[in-house]
Ligand code: B12
Ligand code: SF4
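In this note's numbering, the protein residues as written are 3 to 528.
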């Protein structure tokens, strides 16, 4: 059976590239299960659509599989149609959120054959085994049991049984779902992604672009690699969705994580790590245990991670305890931590189901500043409750705290609470059209406030200009929203006022990175 895996390029124009962790796990599991495959890495190869078209025309496969974020719908639709045009009999498989959050749209609007829900590294192996042995993937339960959905005017899937956690097109053209796959309980058991399956040298050559200057080495000497230390999140914010949404939050053991860090240091010369998690730590106790283990391992590395404002920002936990743990983070090599304010208005935070208070943010900024850790934060404007006053509340906090944020506008993505809100209020009558035109959170994609698009944009940009002027950043025009580089902002953060009574000794500060990190928690153009 000839298999092709495809790694799409989310941002073809960007100078940096990210090793695709999800696909890394998937192809490692497939290789370990004994399958050979080809990998078309469009991202690192900077392969154009014309070249992809030619590749599909001149090569033939039994299975073609890819996965990505749902925002890449337009390209994925093009790819699936192109693959089908050139390879009539190949099974087209889709994973990640582009598959699991909009199966009805995909089955109605593209020639996809199989969607793998959730943990693709487990599901894909079972699918490939069934296909290679000529077994059927499953069957619909009779009589039909429709699975209702809020994804638009497309046919319902019908309930089926068979390989767990997939959707497949049956002989009658129906999309049959076997529901959700049970989550892997102990994620330590999952093998480390084998980066030798990728063109790792090319990824590493440019990986320094995503690093900071640090106290240990300058940016150019950084070899940056990603690591996934936890799957899922404890919370369910109404603007958010991740593939492990229905699974419990699981964290790898410190030993297992240190093992992968060492492997990457020894084998690839890595010295700088991005923890690519939704939520790397959710409580102070386990976070402290982890950094204790990291300190004991004594690795000469730097790292960044995503946390929440309730990790170091809860005023009911003594300041000294929070500072002690934050200082250990710093000592173990942390350069920056990303956590979101999202909104400075508690009513909006409530609507987001964030389960934090705006005041935590200020507390956390102070603790981290004191520990010499850079804070990167993002904002979500555009909840229906948003007004110029709530924007002023949020931006006013940033101004007072000396933090230049990564601003964004609400991007109602499928399978989120705000998608349901948008659909139920008639804002997205045609999901295929909406998804085809979808861009990123830096654009006003869908405005559900009482302000006009121009007004909300002007309010936000006006405030950003104020912040930039106040902090002396010199940003203007488009760079206020898509800032790209953050060295200056980070510097500003660490030079801004420290809490009264705190040790104000300025230390050798690690600076922030260019165009860093993730989606809604880190600064940069993510
Ligand atoms: C790294 C990252 C990025 C990188 C992507 C780099 C890359 N090539 O992977 C960058 C910085 C480009 C990025 C951008 C954005 N991101 Co982002 N990002 C992440 C982050 C932090 C880590 C991804 C990761 O490695 N996960 C770990 C692995 C193990 O999980 P996974 O990728 O889901 O993979 C599993 C399954 O999905 C599946 N699978 C994955 N690939 C495949 C392939 C096949 C064939 C199969 C069968 C299965 C399969 O199996 C894997 C193992 O179980 C996640 C948060 C998170 N932890 O997931 C957000 C996340 C994926 N991003 C998100 C968002 C919203 C964005 C943006 C839209 C933000 C924006 N600016 O508007 C942009 C998209 C830009 C665009 N042009 O489309 C959301 C996705 C929401 C959604 N509904 O899909 C996430 C979940 C964060 C969140 N909770 O909001 N992001
Ligand atoms: S926004 Fe963050 S805290 Fe909220 S559900 Fe998503 S990952 Fe979890």
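Don't be surprised by glycine CBs; every beta carbon is placed ideally from N, CA and C.
Residue environment: residue 208 is assigned as exposed (fewer than 16 neighbouring CB atoms within 10 Å of its CB, all protein chains considered).
Burial is judged here by how many other beta carbons sit within 10 angstroms of a residue's own beta carbon; residue 180 has at least 16 and is buried. The C-alpha of residue 10 lies about 26 Å from the C-alpha of residue 480. Taking 6 Å as the cut-off, the C-beta of residue 20 counts as close to a heavy atom of the ligand B12. Burial is judged here by how many other beta carbons sit within 10 angstroms of a residue's own beta carbon; residue 87 has fewer than 16 and is exposed. Residue nearest to residue 369 within the set 395, 144, 95 and 338 is 338 (criterion: CA-CA distance). Distances from the CA of residue 415 to each of 72, 39 and 405 were compared; the closest alpha carbon is that of 72. Residue environment analysis places residue 103 among the buried positions, since at least 16 neighbouring C-beta atoms fall within 10 angstroms of its C-beta. With a contact defined as Cβ atoms closer than 8 Å, residue 165 and residue 147 miss out at about 18 Å. Going by beta carbons, residue 162 and residue 140 fall inside the 7 Å limit. For residue 378, the three-state secondary structure derived from DSSP is strand. Scanning its chain for C-beta atoms nearer than 7 Å, with the 5 sequence neighbours on each side dropped, one finds around residue 94 the residues 66, 82, 85, 86, 113, 114 and 115, in chain order.
The three-state secondary structure of residue 319, taken from DSSP, is coil.
Annotation for residue 199 indicates a beta carbon at 6 Å or more from all heavy atoms of the ligand B12.
Annotated as distal: residue 38 and residue 19, with beta-carbon spacing of 7 Å or more. In the displayed model, residue 139 falls within coil according to three-state DSSP, outside both helix and strand.
By alpha-carbon distance to residue 411, the top candidate from 388, 400, 403 and 405 is 388. Under the three-state reduction of DSSP, residue 307 is assigned to strand. Checking the 6 Å criterion, the Cβ of residue 73 is within range of a heavy atom belonging to the ligand B12. Per DSSP, residue 68 is one residue of the beta strand (DSSP E) stretching across 65-69.
Annotation for residue 219: no alpha helix (DSSP H) segment contains it, and DSSP assigns it neither H nor E.
Check the Cα spacing between residue 444 and each of 350, 400 and 384: the tightest is with 384.
If one requires a minimum length of 4 residues, the alpha helix (DSSP H) runs lying completely within the region 100-178 are 105-111 and 122-134, in chain order.
DSSP places residue 390 within a helical segment (H, G or I) once states are collapsed to three. Nearest neighbour of residue 7 by Cα position, chosen from 96, 356, 89 and 48, turns out to be 96. With distances taken between CA atoms, residue 366 lies nearest to 399 out of 395, 295, 399 and 354. Here the C-alpha atom of residue 333 lies approximately 12 Å from the C-alpha atom of residue 216.
If you check the C-beta of residue 234 against the ligand B12, you find no heavy atom less than 6 Å away.
By alpha-carbon distance to residue 469, the top candidate from 396, 293, 203 and 426 is 396. Separation of the CB atoms of residue 340 and residue 378 is rounded to 4 Å, and the pair is thereby assigned contact status at 8 Å. The residues 384, 386, 388 and 458, in chain order, have a CB closer than 7 Å to that of residue 451 in the same chain once the five nearest residues on each side in sequence are set aside. The three-state secondary structure of residue 42, taken from DSSP, is strand.
For residue 237, the distance from the CB to the nearest heavy atom of the ligand SF4 is below 6 Å.
For residue 27, the three-state secondary structure derived from DSSP is helix. If you look at residue 420, you'll find it in the alpha helix (DSSP H) that goes 419-426. Boundaries of the beta strand (DSSP E) around residue 228: 226-229.
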